[in-house]
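Residue numbers (the numbering used here), protein chains in the order written: chain A, 3 to 433; chain B, 334 to 592; chain C, 9 to 302; chain D, 98 to 461.
Note that the Cβ used here is the ideal one computed from N, Cα and C, for glycine as well.
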Amino acid sequence: MSNTSKRMRALTATGAIVTVALVLAGCGARAGDDAAAAGSSAAASCVDTSGDTVKLGFLNSLTGGMAISEKTVSNVLHMAADEINADGGILGKKIEYVQEDGATDWPTFAEKTEKLLTQDCVAAIFGGWTSSSRKAVKPVVEKLNGLFFYPVQYEGLESSPNIYYTGATTNQQIIPAMDFLAAKGVKTLFLAGSDYVFPRTANAIIKLYAAKLGIKIVGEEYVPLDKDDWTSQVAKIAAAKPDFIFNTINGSSNVGFIKAYYDAGLTPAKTPIISVSIAEEEAPAMGHEVTGNFASWNYFQSLETDTNPEFIKSWKAYPNSSGVTSDPMEAAYISMYLYKALVEAAGSFDVDAVNAAAKAKPITFDAPEGKVTLDGENHHISKPGHIGRINADNQFDIVWASDKFIEPDPYLEGYDWFPADIRKQLTDAAG
Amino acid sequence: MTDASLVVTDLRVEFSGFVAVGGVSFDAHPGEVRFLIGPNGAGKTTCIDAITGLTKGTGSARLGEKELLGKQVHKIVRLGVGRTFQTASVFDELTVLQNLDIAAGLHRPSISLLRARRGVDPSIERALEETGLTGELATPAGILSHGQKQWLEIAMLLVQDAKVLLLDEPVAGMSQDERTATGELLQRIAAKRIVLVVEHDMDFMRRFATRVTVLHQGQVLSQGTVAEVQADPKVQEVYLGTAGAATTAAMAVVLEKGD
Amino acid sequence: MDALIAPLLNGSAQGALLLLAALGLSLTFGQMGVINMAHGEFLMIGAFAAYLVQQVITASNLSIPVALPVAFVVAGLFGLVLEVTIIRRMYRRPLDTLLVTVGVGLILQQAALQIFPSQGVPVEKPRWLDGQLTVLGYNWPLRQLFTILLATACVAALSAWLKYTSFGRRIRATVHNRDLAETSGISTRTIDRLTFFVGSGLAGVAGVAASLIGGTNSQMGAQYIIPAFLVVAAGGIGQLKGTIVAAWAVGVALAFFAYWTTGSLAQVLAFILVIVFLQVRPQGLFTVRTRSLA
Amino acid sequence: MTKKPWISLSGIGLFAVLLLTVAPLVLSDHWLNNLGKYCCWAIAAVGIGLAWGRGGMLVMGQGVFFALGAYAMAMHLTLETAGDRVPGFMVLYDPLAPLPMFWEPFRSAGFTLAAIVLLPVVVAGILGYALFKRRVKGAYFAILTQALAVALATLISSTIRETGGDTGLSDFKYFFGFVLNDPANRLMVYLIVAALLIVCLLVVWQFYRSRFGELLIATRDAEERVRFLGYDPANVKLVAFVVSALMASIGGAMFVPIVGIITPAEIGAAASILMIAGVALGGRASLFGPALGAIAVGWGQSSLGSTWPDGWTYILGLLFIVVILFLPNGLSSLPARFMRRARPKPPEPPAPAIAAVELEEVRS
């Protein structure tokens with residue numbers, strides 16, 4: 003019947019088109035074809051700074067679950083850009099920003115990164131929060147030779163020529179916290195974390211360092227990020243009676259943890275918590291139940307530095323302000339200033355020129371957390387270690403500070419207790 | 334076609350304590366139009382439900398040598414037992430042809446399902462002629478008239494080549510002419526197959542029944558030819574005395590299902 | 009001893025919260041065959057209502073008892089609006105209501121994110137819930153006991169309402185047979201609206217309980233809807249006692265799994281347990297003959 | 098249902114020409130890659146159309162099958178990139194332990210391709226058999242499948258060493274020997290996805306015009322009635338469910354080289370529901386509706402999500418409400434509606450569920 007013959011014809015036609023297309027396309031580079039693999043394919047940058055503006059991309063989750071945390075980072079980036087513009091811009095060019103929504107969806111972060119770099123032709127991208135979002139962005143900025151400024155403390159063990167990290171790596175937050183505990187004479191420690199990469203990695207490092215410090219880990223519990231009920235796990239903590247709890251829980255789950263902790267009758271006097279994800283922004287949602295516990299950060303609103311009062315004042319006056327400043331916000335804020343300093347040192351917006359300038363001489367500037375210096379090799383910045391204790395106003399009283407700014411060491415090369423074979427395998431895998 | 338008869342023996346159906354059918358026995362043979370009548374709530378439809386596997390029943394219902402009770406619905410169908418429903422249930426979104434084609438698919442190998450239909454099966458054409466639906470081949474079943482839907486259901490049983498046709502109130506809502514046509518159709522069909530009709534309509538029963546079983550409150554009240562049954566005083570009493578109360582009783586049953 | 013007592017008690021409290029979340033769902037699903045995927049967001053509305061009450065009545069000792077009826081009414085009104093504007097148009101397509109309410113949930117979540125501080129708001133626990141009850145050597149948080157008492161009170165109130173009021177009787181009649189109820193002169197429209205109001209209101213009460221356990225923010229509702237539905241399904245449709253037993257069982261199972269394994273694995277195992285259970289008994293724990301869609 | 102097969106067929110032909118030749122010529126690399134991503138969702142959507150639109154099974158957990166394909170592919174690409182080494186993310190948690198057992202076979206390209214096809218068939222087969230034979234359907238089926246998707250996403254998130262956890266698998270360098278960064282190879286990957294979408298459309302086209310397609314509609318509208326025609330509806334539904342699972346798996350597998358990352362967020366509740374959004378928009382029971390709807394939703398997310406992120410969430414929410422409330426058969430039913438208005442037709446057939454419900458009543 004004619005149906006059949008038509009169908010056959012259509013099928014053949016489709017088949018033919020596909021075959022031809024695949025043959026045409028299939029002439030791309032194959033594995034082992036080193037010239038192509040080396041990245042010669044990176045498209046020529048389309049960044050245009052010939053006018054009196056420079057385009058920058060902002061990428062955070064404004065919708066979905068992570069919007070809870072990322073909105074403030076996004077807002078503070080806007081504030082920094084406005085400040086820089088009011089001050090004459092970067093190299094005399096006003097910042098024109100393109101805001102994108104990562105929508106709490108990691109492939110969307112990858113897609114938007116590509117869009118920002120190839121469609122909007124931005125000179126650099128700022129934002130991200132979760133490690134997943136960074137890992138989604140990383141291959142894209144590396145492929146397209148773009149720049150990404152990541153503002154949140156993270157699990158380290160990473161570096162990329164195309165990413166600048168303005169939050170702490172593990173040796174600037176986790177290790178100072180452990181030093182603080184050791185100084186307090188802590189003997190037993192319980193690890194509580196959300197079930198994802200940062201807590202798992204942080205705890206792996208904590209366990210290695212604890213062995214060296216002679217601190218005994220008496221338990222380890224994880225709960226999914228989107229679950230609030232910690233009662234069962236806190237019961238185990240109460241039974242284990244640790245000297246201290248190391249808390250790597252993230253997001254709203256922290257509220258549930260603190261409530262369960264308080265309900266179980268655990269108190270900072272007997273079983274204090276040290277957290278690495280509770281800051282001035284998160285504490286109010288926990289009310290008085292979190293008061294008296296500790297947190298390890300580089301920046302606190304209560305820090306007394308030259309530029310901090312100014313930062314706090316500007317933020318409080320900013321339209322979308324939450325009224326308090328916190329470490330991730332500060333890191334996002336300075337990422338913009340770090341970029342400004344880099345570009346001005348390079349005298350150009352070109353990625354390679356910026357990277358060269360980073361290596362050429364130490365970039366240093368006054369941040370609200372103090373005078374920070376960029377490490378041109380690993381693209382992290384030096385930071386002061388601080389331990390704060392939450393007071394009744396949900397602010398932090400600083401109880402401990404590192405004696406000097408801590409140099410960033412994402413692969414923990416300066417720490418002999420970190421097994422060299424792990425480091426080697428990790429750097430090999432990254433290389 | 335077949336000499337096998339449908340023999341139901343001591344059929345019982347209970348719904349959480351309520352006895353809907355309490356030990357009913359009857360038989361039906363090819364060549365006769367067999368009627369099952371009774372007031373509402375007498376258990377007529379439940380009998381059919383039990384025979385076709387829709388509800389669980391105890392006792393026995395045999396088609397020839399094969400026991401039907403306890404088998405899955407679709408397996409009973411594959412043994413040659415087909416039925417229609419009080420409210421005509423055809424596939425509204427599909428055309429008459431598609432409806433019949435699905436019914437005819439019973440005897441095709443499964444793999445043939447993956448091919449499109451080409452032309453019209455001879456068995457479908459015969460069934461269309463038999464039921465007078467030839468002109469409606471491409472009409473969506475949903476827009477057929479009520480009577481036509483009933484005929485389509487009967488046609489589906491024919492292409493399905495059912496040995497036993499269990500028809501649940503096939504003429505409800507039909508005009509007088511349609512009733513007559515349906516009755517004659519049933520008589521033609523009954524020549525080769527077992528036809529069992531559940532009906533309220535006494536007039537229709539009188540005109541076309543060969544043999545009748547009267548059910549009342551889940552029991553056989555009377556059995557025989559139309560004349561014999563009509564002469565039975567018990568039947569007269571049920572139909573004259575309690576017809577009005579039956580509806581209320583049925584509602585009470587539904588209510589009780591709750592707790 | 010602790011190894012048994014702690015999970016058992018905490019699991020019971022977890023089950024009580026699940027029960028609170030599932031009660032309303034069980035009512036609306038049993039009555040109308042409607043799955044309200046925005047039920048979790050109604051729970052969130054209840055929690056935010058508790059927060060707003062605390063802004064007015066600052067003493068938390070008083071504010072939570074006040075918040076409970078307020079949350080019930082506020083969430084109930086949201087449910088009523090949903091019923092009147094959308095659900096009533098869809099009774100013939102129960103499966104589609106599921107997707108429509110997914111859309112409603114999305115909108116409510118985003119609205120909450122924009123209206124309230126994105127990090128969430130604090131809901132303070134009353135001081136009289138500080139402290140623990142020592143049960144066989146385990147210091148059981150009083151708040152856990154409160155959740156159980158609250159759930160018990162809700163169940164008692166609901167079953168009394170269903171049993172002794174004429175509205176309740178009409179609801180039960182409609183659950184059993186909608187057509188018959190209609191022909192007997194019951195206005196199923198009014199009944200549906202009322203059921204939806206009460207069902208959603210119960211979600212609001214659950215929200216207050218949830219706000220004492222975890223964070224109060226735009227995302228909080230999402231974690232309850234699927235467990236709550238699994239509880240309803242496992243309990244059997246329109247079966248209060250089934251829902252109660254199933255919620256308790258799931259809660260205790262979660263706590264024991266969490267005790268033996270990790271919090272994540274506990275979630276996975278509990279889900280799989282319910283799914284396997286529904287394999288064995290697709291009708292749930294207790295069955296009732298109704299014209300349900302499943 | 099298709100009365101004139103050549104209309105649908107030439108539609109598919111036109112679609113093929115647009116996707117395979119016009120799009121690569123007209124679109125920038127970025128948008129072509131995005132289109133590739135939408136095509137992955139479209140492939141899954143075509144399967145959802147078959148299962149939900151034609152089969153009446155609201156599959157709210159297609160993320161499970163999407164994940165099977167995606168993780169099979171991602172494991173292969175990860176191993177291809179890692180070479181002889183253990184993938185980097187595994188090292189930290191146990192530096193000396195070998196590759197987990199279940200990763201080993203994914204070194205083989207052949208095994209990976211077979212797994213992408215067979216895993217969803219086996220899993221959906223077992224799951225579907227168990228559910229349909231027990232007559233689990235309607236909302237129960239929907240929520241159970243969604244619960245499975247949530248469970249799987251949680252499981253993957255918590256098994257960091259084995260699966261990469263929440264961060265997922267990413268940073269793939271090669272695709273079956275081809276360098277993924279090379280634009281020519283990216284074009285090839287796009288063309289494969291587009292071609293697979295066309296193939297899936299052809300498959301469902303054949304399904305829809307076959308006797309099986311008619312039987313599937315019959316089963317959707319009156320499952321019990323089908324039983325009385327001698328079929329076991331469980332088997333009919335099983336076939337449609339397995340095919341839709343296979344398509345989700347294929348979509349997931351191709352998602353990985355196109356997007357370059359797969360994480361549990363792509364398979365959980367939200368992602369599984371988003372897959373349905375496009376199908377509802379386009380028209381669940383139509384041939385092209387699901388695919389076009391999925392592409393439209395993907396495009397909306399990319400473009401509107403950029404310019405107006407808060408608004409996009411509201412639009413998505415409203416889309417569910419408005420389309421399902423007022424246009425249950427999606428945008429593809431609009432032309433027919435206009436035709437009907439022009440030329441009066443008999444009233445709409447009653448809601449499909451009615452016949453089945455009435456059958457299930459116990460009458461006496």
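Short of 9 angstroms Cβ to Cβ, which residues in the segment 307 to 331 of chain A face chain C? Within the segment 307 to 331 of chain A, the residues whose Cβ lies closer than 9 angstroms to some Cβ of chain C are S324, listed in chain order.
With DSSP run on the structure shown, which of helix, strand or coil describes A39(A)? Residue confidence is low: A39(A) scores 45 on pLDDT, short of 50, so the model does not pin down where it sits. Its coordinate-derived value is still stated next. Per DSSP, reduced to three states, the secondary structure at A39(A) is helical.
Would you verify that the beta carbon of I257(D) is, or is not, closer than 8 angstroms to some beta carbon of chain A? Among the CB atoms of chain A, one or more fall inside 8 angstroms of the CB of I257(D).
Taking Cβ to Cβ, would you say V531(B) is nearer than 8 angstroms to K377(B)? Cβ distance < 8 angstroms, so V531(B) and K377(B) count as in contact.
So that I know if they touch, is there some Cβ in chain C lying closer than 8 angstroms to that of S234(A)? Closer than 8 angstroms: yes.
Give a yes or no on whether the minimum CB-CB distance between E49(C) and chain A is below 8 angstroms. With 8 angstroms as the cut-off, E49(C) does not count as an interface residue toward chain A.
Listing by chain order, which chain C residues have their CB less than 8 angstroms from the CB of D230(A)? At a C-beta separation below 8 angstroms, D230(A) has these neighbours in chain C: A218, I221, G222, G223, M228 and Q231.
Those residues which DSSP pairs with H388(A) across a bridge: Paired residues: W299(A) and A403(A).
Taking buried to mean at least 16 other C-beta atoms within 10 Å of its own C-beta, is Q405(B) buried or exposed? It is exposed - the Cβ of Q405(B) has fewer than 16 other Cβ atoms within 10 Å.
Give a yes or no on whether 8 angstroms exceeds the smallest Cβ distance from F229(D) to chain B. It does not; no Cβ of chain B falls within 8 angstroms.
Should L64(A) go down as buried or exposed, given a rule of 16 or more other Cβ atoms within 10 Å for buried? Burial call: buried.
With a threshold of 8 angstroms between beta carbons, is T118(D) in contact with chain C? When Cβ-Cβ separations below 8 angstroms define contact, T118(D) makes no contact with chain C.
For T142(C), decide whether its Cβ has a neighbour in chain A, counting only Cβ atoms nearer than 8 angstroms. False, the Cβ-Cβ gap to chain A never drops below 8 angstroms.
In chain G, which residues lie with their C-beta within 8 angstroms of the C-beta of R97(C)? In summary, chain G is missing from the structure at hand, where the protein chains are A, B, C and D.
I'd like the span of the alpha helix (DSSP H) that includes A194(A), first residue to last. A194(A): not part of any alpha helix (DSSP H); member of the beta strand (DSSP E) spanning T190 to S196, first to last residue.
Where in the segment 97 to 159 of chain A do unbroken runs of the beta strand (DSSP E), each at least 3 residues long, occur, reported from the N-terminal end onward? Segments of the beta strand (DSSP E) lying fully in the segment 97 to 159 of chain A: 126 to 129 and 150 to 152.
Assuming G265(D) contacts I359(D) under a Cβ cut-off of 8 angstroms, what Cβ separation, rounded to an integer in Å, is found between them? With 8 angstroms as the limit, G265(D) and I359(D) qualify as a contact, their Cβ atoms being about 5 angstroms apart.
My understanding is that V81(C) touches V61(C), with C-beta atoms under 8 angstroms, so please give their C-beta distance in whole angstroms. At roughly 11 angstroms, the Cβ-Cβ gap does not stay under 8 angstroms, so V81(C) and V61(C) are not in contact.
Alpha carbon to alpha carbon, how far is C297(D) from F420(A)? Give it in angstroms, no decimals. Distance between the alpha carbons of F420(A) and C297(D) is about 51 angstroms.
For the segment 110 to 125 of chain A, which residues have a CB atom closer than 8 angstroms to at least one CB atom of chain D, in sequence order? Against chain D - using a Cβ distance shorter than 8 angstroms - the residues of the segment 110 to 125 of chain A are T110, A112, E113, K114, E116, K117, T120 and Q121.
Chain D contact for T191(C) (CB, 8 angstroms cutoff): Cβ-Cβ to chain D under 8 angstroms: no for T191(C).
Secondary structure of A337(B), DSSP reduced to three states: Three-state result, A337(B): coil.
Cα separation between F398(A) and Q63(C)? Answer to the nearest angstrom: the Cα atoms are 24 angstroms apart.
Along chain D, which residues have their Cβ under 9 angstroms away from the Cβ of L286(C)? Below the 9 angstroms Cβ cutoff, chain D contributes L228, R231, V233, Y237 and L241 as neighbours of L286(C), in chain order.
Would you tell me roughly how many angstroms separate the C-alpha atoms of I145(D) and A139(D), rounded to the nearest one? Rounded to the nearest angstrom, the two C-alpha atoms are 9 angstroms apart.
Using a Cβ-Cβ cut-off of 8 angstroms, state whether W419(A) counts as contacting chain D. So, not an interface residue.
According to DSSP, is A361(B) helix, strand or coil? DSSP, reduced to helix, strand and coil, places A361(B) within a strand of the structure shown.
Would you report the Cα separation of G348(D) and L371(D), rounded to the nearest angstrom? Here the alpha carbons of L371(D) and G348(D) stand approximately 14 angstroms from one another.
Quick check on Q427(A) - is its C-beta less than 8 angstroms from some C-beta in chain D? Interface residue, yes.
Should V276(D) go down as buried or exposed, given a rule of 16 or more other Cβ atoms within 10 Å for buried? When all chains shown are included, V276(D) counts as buried.
Assess, as a yes-or-no matter, whether the segment 325 to 335 of chain A is touched by the segment 157 to 165 of chain A under the definition of 3 or more beta carbon pairs within less than 8 angstroms. A contact between stretches requires three or more CB pairs, one per stretch, nearer than 8 angstroms, and the segment 157 to 165 of chain A fails this requirement with the segment 325 to 335 of chain A.
In this structure, how does DSSP classify K270(D) when only helix, strand and coil are distinguished? Three-state result, K270(D): coil.
Tell me, please, whether the CB atom of G152(D) is closer than 8 angstroms to any CB atom in chain A? By this cut-off, G152(D) is not an interface position.
Given this structure, state the Cα-to-Cα distance separating V163(C) from L31(C), to the nearest angstrom. Annotation: V163(C) to L31(C) spans about 8 angstroms, alpha carbon to alpha carbon.
Secondary structure of N185(C), DSSP reduced to three states: DSSP places N185(C) in coil when its eight states are reduced to three.
Where V78(C) meets chain D, residues with beta-carbon distance less than 8 angstroms: By Cβ distance, chain D contributes nothing, its closest Cβ being about 26 angstroms from V78(C), past 8 angstroms.
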